[in-house]
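Worksheet: the structure to be examined is printed underneath.
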Amino acid sequence: MATKEREQLILDELDRVGACTYEDLMRLLNVSSMTVRRAVDQLAKRGEVVKTLGGIQRASGVAGLYETTLMSRVMEQRPQKRAIAELALSLIESGQTVYLDGSTTCLELAKLIAREREGVTVVSNSVATCLELSKTTRNKVLCIGGECDASSMCCGGPQCEKWAQTYFVDKVFVSTKGFLVDEGTFESSVSTLRIKQVMAERTKEVVLLVDHSKFGQRALCKVIDVAQIGTVVTDDGTLARDQTRMKKAGMLVLVAPMGDGKMNEVTRVA
4 MATKEREQLI
14 LDELDRVGAC
24 TYEDLMRLLN
34 VSSMTVRRAV
44 DQLAKRGEVV
54 KTLGGIQRAS
64 GVAGLYETTL
74 MSRVMEQRPQ
84 KRAIAELALS
94 LIESGQTVYL
104 DGSTTCLELA
114 KLIAREREGV
124 TVVSNSVATC
134 LELSKTTRNK
144 VLCIGGECDA
154 SSMCCGGPQC
164 EKWAQTYFVD
174 KVFVSTKGFL
184 VDEGTFESSV
194 STLRIKQVMA
204 ERTKEVVLLV
214 DHSKFGQRAL
224 CKVIDVAQIG
234 TVVTDDGTLA
244 RDQTRMKKAG
254 MLVLVAPMGD
264 GKMNEVTRVA
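In the working numbering, the protein residues as written are 4 to 273.
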């Protein structure tokens, strides 16, 4: 593969997903780490990409707005987040109104909605999510404004909460810092958790997007009670006993098997 072709593939992938690790690019190009780093160095010299901790992102556009804290979260459990987002997309139909929180899993979902859905109205208090969705005009985007937290690129505060209370949506999609099957979701960030709580009360269904690493984890504040959660979308690293407990609690559990990193089937526990 020619050098220019390799560099263009990297740029195309960044346009598609927003950010990549070096391991992502090694798999994409089927080349060594040194070859990837040489290509990245050339792109960085030309100002087309920005190096981050463990990876790269586009030097402009939505990806260029990511703060270090957000970028580090984008890279965590990324294959799982992508698989979960792909499965969650199947729950969204044209004509629906949905809320997406400021999680990086919902950011992955936003990218898929922008590419593969039409006629969906998306409400969000995440600047990154709204910008991602605004790359196309196929869907309507309603951004809930307020005081913007620079590290997460999410809006919160009294005005944001007041604005959120004016909406009612078909489905609320949220992720979480920690999840206890018998209790609910937990967050460390106090500034934006009230928006999740408000939207969870103003919907027909709460859909929790949570990878296996979040189970059994408790954070500073409880956000959404387990009784409010209708559907859980997770990956196959989630223990069978946790899946069974969620089923007994009345939740629909959708599991995206990982395998080689691509979702090849769906396990439905109902």
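Glycine included, C-beta positions come from ideal geometry on N, C-alpha and C. Computed from a predicted structure; not experimentally measured.
(message) For residue 159 and residue 259, what's the separation of their Cα atoms in angstroms?
(response) C-alpha of residue 159 to C-alpha of residue 259: approximately 31 Å in a straight line.
(message) According to DSSP, is residue 223 part of a helix, a strand, or is it coil?
(response) coil
(request) Determine the extent of the alpha helix (DSSP H) in which residue 194 is found, giving its start and end residues. (result) 193–203
(message) Closer than 8 Å is the cut-off here; do at least three beta carbon pairs connect the stretch 133–141 with the stretch 164–180?
(response) no
(request) Could you name the residues of the same chain whose beta carbon sits closer than 6 Å to that of residue 151, not counting the 5 residues immediately before and after it, in chain order? (result) Once the five neighbours on either side are set aside, the close Cβ partners of residue 151 are 158.
(request) Would you list the one or two residues that DSSP bridges to residue 217? (result) Answer is none; residue 217 lacks a bridge partner.
(request) Say whether the stretch 220–239 touches the stretch 180–195, bearing in mind that this needs 3 or more beta-carbon pairs closer than 8 Å, one atom from each stretch. (result) yes
(request) Using three-state DSSP, classify residue 5 as helix, strand or coil. (result) coil
(request) Locate the beta strand (DSSP E) running through residue 59, then write down its first and last residues. (result) 58–61
(request) Answer with buried or exposed for residue 119, where buried requires no fewer than 16 other C-beta atoms within 10 angstroms of its C-beta. (result) It is exposed - the Cβ of residue 119 has fewer than 16 other Cβ atoms within 10 Å.
(message) If the criterion is Cβ atoms closer than 7 Å, does the pair residue 85 and residue 17 meet it?
(response) no
(message) Can you tell me whether residue 95 is helix, strand or coil according to DSSP?
(response) coil
(request) Could you have a look at residue 129 and say whether DSSP puts it in helix, strand or coil? (result) strand
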